[in-house]
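Chains as they are written, first to last, in the working numbering: chain A, 79 to 692; chain B, 79 to 692. Let me begin by presenting the structure, written as structure tokens, before commenting on it.
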């Protein structure tokens, strides 16, 4: 009945188990996708899709049966891979997945040998989350004729939002990576990327309240998976040019799936990327911020429902009194996201309890201050998404955490539902343990009850201690700002070019070691003395300084010279302050020499080598 | 006067030396670039460039001083790196190189830490040739205002032709890689790539007689380095979006710079790529070839000047007489390249002496035959660019080498110039050695005198032996063609998708090993017997076949099942022929099991795993 192929190795299986175990601890509380449109089985087909909601007529649909699908990928593994597909299709039924049609014109370039090891690529910027893998089904291209095909012409970008209900996730996981990726893979003369790229949110979540932010990145209507799933059984929705795979280069934080949350090691996120992004968002929102520093006011992120600052007006009054600054309280209940961005874009201080709205500190002007408030028993060092953001080199923001150290200033909510920090569902002993603990221990994502219990506390902010934190930040800001000239955020040194016109030749020297201008070459060749002597020849080197050197304002200029005898492996290396020099040590007059020269400025900024030979 | 930093290690220096030694043996005989236009110091500036010869008005020039340059790269080292630049500038004077302006908006993504190690990237598809490295000079973006800036808007692709005078090099090194790269980095709805991409040939060679082939790949006028060098001192020519770095994925041959020439190891060139390319070229040349096999004739590549077939008409007559086929003699002297491509596109046999025109065999229809003629003392196994091309999987061409083994049928030309095989410039002893040798020994590129002497011989083709070679090829062709159904050129198997609805559960078994439908779970739990027994429980597995399975025409379908006890590292693996089964061996009723299932078709084509747990 069955063949037995028993083998026993424990190699990668632990990894697989681990990955699947993650599912038990899912970060996302997934709500059922709401139906955006009631049309089942009788949705509009063909042209309405082909035109992609644009009034201009599109070119005729490609013949996928003849062409097949194609794919071009870059990257070495599923976590850094990005692929461009031609004629990628989506089957709303048949288990709702993508289809790659193999035909005679199929091209697969940069494609891995095993796309199931463990996946072709991630559909989110959150690395290697096994619920977010992209895959497709293989079919022969002839089989396309068995389906009713609708085409999205032009360029599309397909990805999964990781958690569209949370602004930190929206900006950090989705929008910033999307911005960076589109700049990398699409082209535009006037904008950072081609805003005619259609965005498809394939995660299955409903549009959600942050949907308008996604729309900012495209001039075409953003589509949801549900929009494709409206098509009746037997339909295919195909994309002429589809990109999948978000760049992870702007990501700075990991959420604690396999180790406690914290800054992403080896992040390549830069202030430049983030400022580009925030400028782009403001431009697309038609927010003119004028002079970056025109607003001298404090913004208080005011939460009304939970994690409340119980003495909010006292805090506001103290800020006004101490610093003479206007204080503006904003929040979801009173301001649209666009309004919040506009207000924060001119603020000099942003204050809020730990929460996703603090991601908006990326919109602050340079030299603004961020004060993050942590409830009792929560250690600010263990929850640093906003600290990491504001401290990225070049952001030029001043970050301070303020932590409530007084238990009596905290109001707990053990009766809340579990996802809002309630603990009444837990055994009594565990409840008591949590209540007695003075600090939430390190934990993994995403439903640690002690963490939720503590972060959802309300807090009376201790005014003297809080004001002192703000004072410290202000004074630090002023110091940093006056050091602005020495800002080393721009850690990308300008290198000198090659040296010009490098020549090297063996010259005869007089007894003082100076070059003898009239060389008697014949005499030298007939010389009876051993040739290994270096008594009266030298190696004369001369070259021109790098052409861009006058532009670089280098403080210290040296030339590194390597000299090697023909046939030898060893060489001598020298540092010269000049562009002309005669080397005399161990130089032989019948020897060929190879010489390399490069310019080194400011001690360690090297140019490329130029090579010459005698 | 100078600091001494003597150090003696022989590590990478050997490599550096080797690379530079290559220059002595340069493959290219470089002719001085001809001046295409006499305008020095008073060339048209600004709009004429900005419009890129197109009548539509372009957008305003970007402010490079404000924006700076930016770059996005993919790849891991200089031989596989491809970069997209924004605001890359070229300085016709200042040593004529590229400039990258560092500004506040500068983005550098995927950029190596040391771009001089040894270079950022290759400007040709010939790997790591140290005369073909791309580099730029660093300047601060403010410095752009010191230049007169002209802008090329839109998208540009910048590369070096490797040897534009030789058709093998033109097609293999330049056009095919260009075609593949443009398909990878640009987008078009209707064509394989965006033909509005401007091509810039930065090698410095004159246009040359193959220039029209480059123009085929772009709707914009192809530009030479010389066209940029016309601009006066103090000018800059900037590119809004510039790509550099040719894909090497279509390259199949290495020319013998570091080892004797031969097929490129690990080539990823495919027949699909090449057929795409040749179809594209024909379409752009407006060559309709109709039915691929409509022409039943032989094409003889006829050389008139050197490497001559001395009895050409005898060969033609024999072909007509033996095979009843028309014979068409073509060559540079009598046919344009376009005409040659058109004629070859319908030929059933292509015959020619070893030479670059044989690259045109990529235009042959499937099941055509290529006969390559080698002069006396040249071993066909050592010179295989055309054999390698025609034997690429899926090209479906039949290749035969015919070698003149009779010295008396050969006419040598010791009196020719050295680059055409003359040897009179060599010492007499070396001349005699070469004349006496029966086979050219293996050698490196590019000026081996014995190789040149032998390849430039003229040959009387021995008719019986030649006809027998053609007969062998024809008979082989007929066999291969009748096996066409089993063509395995398409080595990209279609994988089954995941199995559907995987469930696994512990079930009670009766004494016959069948599932007991009415399980008394309580009894089982209260059972006093040790739990390790497997007597009366089983692990019941059931799932649905992959949804694409009915489409795949799989000859052999099995399901691979892995079963692991919770907490164990080992697991058992099984192959099932069915989608439902009850495992009984070592199954314990109080144990949790993890189960993985994947479909395997045709013995070794695996789908992805689905996981479930009891």
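Note that beta-carbon positions come from the ideal geometry of N, C-alpha and C, so glycine has one too.
Open item on the list: Using a Cβ-Cβ distance cut-off of 8 Å, determine whether residue 591 of chain B contacts chain A.
Closed with: Position 513 of the second chain holds residue 591 of chain B. By this cut-off, residue 591 of chain B is not an interface position.
Open item on the list: With a threshold of 6 Å on Cβ separation, who are the neighbours of residue 444 of chain A within its own chain once the five nearest residues in sequence on each side are excluded?
Closed with: Taking the first chain and counting its residues from 1, one reaches residue 444 of chain A at position 366. These residues qualify, in order along the chain: 474.
Open item on the list: Within 8 Å of any Cβ in chain A, is that where the Cβ of residue 231 of chain B sits?
Closed with: Looking up residue 231 of chain B in the second chain gives position 153. At least one C-beta of chain A is nearer than 8 Å to the C-beta of residue 231 of chain B.
Task: Run of the beta strand (DSSP E) containing residue 160 of chain B, from where it starts to where it stops - done: Taking the first residue of the second chain as 1, we reach residue 160 of chain B at position 82. From DSSP, the beta strand (DSSP E) with residue 160 of chain B extends over 160-169.
Open item on the list: Considering only the alpha carbon of each residue, which of A:469, A:505, A:529, A:459 lies closest to residue 490 of chain A?
Closed with: Taking the first residue of the first chain as 1, we reach residue 490 of chain A at position 412. Of the candidates A:469, A:505, A:529, A:459, the one whose C-alpha sits nearest the C-alpha of residue 490 of chain A is A:529.
- [ ] Report buried or exposed for residue 223 of chain B, applying the criterion of at least 16 other Cβ atoms within 10 angstroms of its Cβ.
- [x] Position 145 of the second chain, counted from the start, is the residue given in the question as residue 223 of chain B. Label assigned to residue 223 of chain B: exposed.
Open item on the list: Taking its Cβ as the centre, do 16 or more other Cβ atoms sit within 10 Å of residue 237 of chain A, making it buried, or is it exposed?
Closed with: The residue you call residue 237 of chain A lines up with position 159 of the first chain. Counting Cβ neighbours within 10 Å, residue 237 of chain A comes out buried, since at least 16 surround it.
Task: Any chain A beta carbon closer than 8 Å to residue 607 of chain B - done: Numbered from its first residue, the second chain carries residue 607 of chain B at position 529. Bear in mind that the predicted position of residue 607 of chain B carries a pLDDT of just 46, short of 50, making it unreliable; the figure below should be weighed with that in mind. Closer than 8 Å: no.
Task: Below-8 Å beta-carbon distance, residue 215 of chain B vs any chain A residue - done: For the purposes of this step, residue 215 of chain B is taken as the residue at position 137 of the second chain. Cβ-Cβ to chain A under 8 Å: yes for residue 215 of chain B.
Task: Buried/exposed call for residue 160 of chain B, threshold 16 Cβ in 10 Å - done: Here residue 160 of chain B refers to the residue found at position 82 when the second chain is read from its first residue. Buried, because 16 or more other Cβ atoms sit within 10 Å of the Cβ of residue 160 of chain B.
Open item on the list: Any C-beta of chain B within less than 7 Å: which residues of the stretch 336-361 of chain A qualify?
Closed with: 350, 351, 354
TODO: Report the neighbours of residue 262 of chain B on chain A: residues whose CB is nearer than 7 Å to its CB, in chain order.
DONE: Locating residue 262 of chain B in the second chain gives position 184, counting from the first residue. Think of a sphere of 7 Å around the beta carbon of residue 262 of chain B: the chain A residues whose beta carbon falls inside it are 150, 187, in chain order.
TODO: Pair every Cβ in the stretch 141-152 of chain B with every Cβ in the stretch 177-192 of chain B, then say whether three or more of these pairs are closer than 8 Å.
DONE: yes
TODO: Could you tell me whether the stretch 329-343 of chain A touches the stretch 395-415 of chain A, using the rule of 3 or more Cβ pairs below 8 Å?
DONE: With a cut-off of 8 Å, the stretch 395-415 of chain A and the stretch 329-343 of chain A do not count as touching, because too few Cβ pairs lie within range.
Task: Given 8 Å, three or more beta-carbon pairs between the stretch 578-595 of chain B and the stretch 616-623 of chain B - done: Counting C-beta pairs with one atom in each stretch, the stretch 578-595 of chain B and the stretch 616-623 of chain B have three or more that are closer than 8 Å, which means they touch.
Open item on the list: Please report the straight-line C-alpha distance between residue 325 of chain A and residue 539 of chain A, rounded to a whole angstrom.
Closed with: Numbered from its first residue, the first chain carries residue 325 of chain A at position 247. Numbered from its first residue, the first chain carries residue 539 of chain A at position 461. Cα to Cα, the separation comes out at about 40 Å.
TODO: Could you please tell me which residues of the stretch 612-639 of chain A, in chain order, have their CB closer than 7 Å to any CB of chain B?
DONE: So the close ones are 625, 626, 629.
Task: Integer-rounded CB distance, given that residue 330 of chain B should sit under 8 Å from residue 166 of chain B - done: Indexing the second chain from 1 puts residue 166 of chain B at position 88. Indexing the second chain from 1 puts residue 330 of chain B at position 252. The pair is not a contact, with the Cβ atoms about 31 Å apart (cut-off 8 Å).
TODO: Using the Cα positions of residue 212 of chain A and residue 278 of chain A, report the straight-line distance between them to the nearest angstrom.
DONE: Translated into positions along the first chain, residue 212 of chain A becomes position 134. Translated into positions along the first chain, residue 278 of chain A becomes position 200. When rounded, the distance between both Cα atoms is 14 Å.
Open item on the list: I'd like to know if the stretch 373-380 of chain A and the stretch 418-429 of chain A are in contact, where contact means that at least 3 CB-CB pairs between them fall below 8 Å.
Closed with: yes
TODO: Give the straight-line distance between the Cα atoms of residue 478 of chain B and residue 181 of chain A, rounded to the nearest whole angstrom.
DONE: Mapped onto the second chain, residue 478 of chain B falls at position 400. Mapped onto the first chain, residue 181 of chain A falls at position 103. Roughly 30 Å between the two C-alpha positions.
Task: DSSP-derived helix/strand/coil call for residue 258 of chain B - done: Position 180 of the second chain, counted from the start, is the residue given in the question as residue 258 of chain B. DSSP places residue 258 of chain B in helix when its eight states are reduced to three.
TODO: State the DSSP-derived secondary structure class of residue 431 of chain A, mapped to helix, strand or coil.
DONE: The count along the first chain starts at 1 and reaches residue 431 of chain A at position 353. Three-state result, residue 431 of chain A: strand.
Task: residue 685 of chain B: first and last residue of the uninterrupted beta strand (DSSP E) it sits in - done: By 1-based counting over the second chain, the position of residue 685 of chain B is 607. Residue 685 of chain B -> no beta strand (DSSP E), and no H or E assigned at all.
- [ ] Assess, as a yes-or-no matter, whether the stretch 344-358 of chain B is touched by the stretch 497-517 of chain B under the definition of 3 or more beta carbon pairs within less than 8 Å.
- [x] no
Open item on the list: Going by the DSSP bridge assignment, what does residue 677 of chain A pair with across the sheet?
Closed with: For this step, residue 677 of chain A is matched to residue 599 along the first chain. According to DSSP, residue 677 of chain A bridges with A:637.
TODO: Check residue 231 of chain A in the structure and name its three-state DSSP category.
DONE: Counting from 1 along the first chain, the entry for residue 231 of chain A is found at position 153. Here residue 231 of chain A sits in strand by DSSP.
Task: Contacts that residue 147 of chain B makes with chain A (C-beta to C-beta distance below 9 Å) - done: Counting from 1 along the second chain, the entry for residue 147 of chain B is found at position 69. In chain order: nothing, as chain A lies at least about 11 Å away.
Open item on the list: Tell me the residue span of the alpha helix (DSSP H) that contains residue 499 of chain B.
Closed with: Counted from its first residue, the second chain places residue 499 of chain B at position 421. Here residue 499 of chain B belongs to no alpha helix (DSSP H), and DSSP marks it neither H nor E.
Task: Separation of residue 460 of chain B from residue 273 of chain B, as counted between CA atoms - done: If you number the second chain from 1, residue 273 of chain B lands on position 195. If you number the second chain from 1, residue 460 of chain B lands on position 382. CA-CA distance, residue 273 of chain B to residue 460 of chain B, rounds to 38 Å.
Open item on the list: Need the endpoints of the alpha helix (DSSP H) that residue 361 of chain A sits in, please.
Closed with: For this step, residue 361 of chain A is matched to residue 283 along the first chain. From DSSP, the alpha helix (DSSP H) with residue 361 of chain A extends over 349-362.
- [ ] Evaluate residue 323 of chain B with the Cβ neighbour count: other Cβ atoms within 10 Å of its Cβ, from every protein chain shown; 16 or more gives buried, anything less gives exposed.
- [x] Start at 1 with the first residue of the second chain, and residue 323 of chain B comes out as number 245. With 16 or more Cβ atoms within 10 Å of its Cβ, residue 323 of chain B is classed as buried.
- [ ] Note down, in chain order, each residue of its chain lying with its Cβ closer than 6 Å to the Cβ of residue 281 of chain B, except the 5 sequence neighbours on either side.
- [x] Locating residue 281 of chain B in the second chain gives position 203, where the first residue counts as 1. Excluding residues within five positions, the ones whose Cβ falls inside 6 Å are 238, 239.
Task: Beta-carbon neighbours of residue 180 of chain A, restricted to chain B and to distances below 7 Å - done: In the first chain, residue 180 of chain A corresponds to position 102, counting from 1. The contacting residues are 570, 572.
Task: Spatial distance of residue 637 of chain B from residue 625 of chain B (CA atoms) - done: Position 559 of the second chain, counting from 1, holds the residue named residue 637 of chain B. Position 547 of the second chain, counting from 1, holds the residue named residue 625 of chain B. Cα-Cα distance, rounded: 14 Å.
Open item on the list: If you follow the alpha helix (DSSP H) that residue 141 of chain A is in, where does it begin and where does it stop?
Closed with: The sequence position of residue 141 of chain A within the first chain is 63, counting from 1. Looking at the DSSP string, residue 141 of chain A is not in any alpha helix (DSSP H), and its letter there is neither H nor E.
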